[in-house]
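Numbering (the numbering used here), first residue to last: 49 to 101.
Don't be surprised by glycine CBs; every beta carbon is placed ideally from N, CA and C.
Structure follows, in structure tokens:
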């Protein structure tokens, strides 16, 4: 399984509040991310999340 597929599966199982907390984004961006759309997040928060996967 490639990293993008794994990332999307993990994100789809998370609550919006958890996504907002982890990536420091708003509700609208969290909804877009959950749909698989592109959003801007801080690179250090993304790297931290990917390391935990």
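In the three-state DSSP reduction, residue 69 falls in the helix class (H, G or I). Check the Cα spacing between residue 95 and each of 62, 59, 80, 71: the tightest is with 71. Take the alpha-carbon of residue 56 and the one of residue 84: they are about 7 Å apart.
If you look at residue 61, you'll find it in the alpha helix (DSSP H) that goes 51–61.
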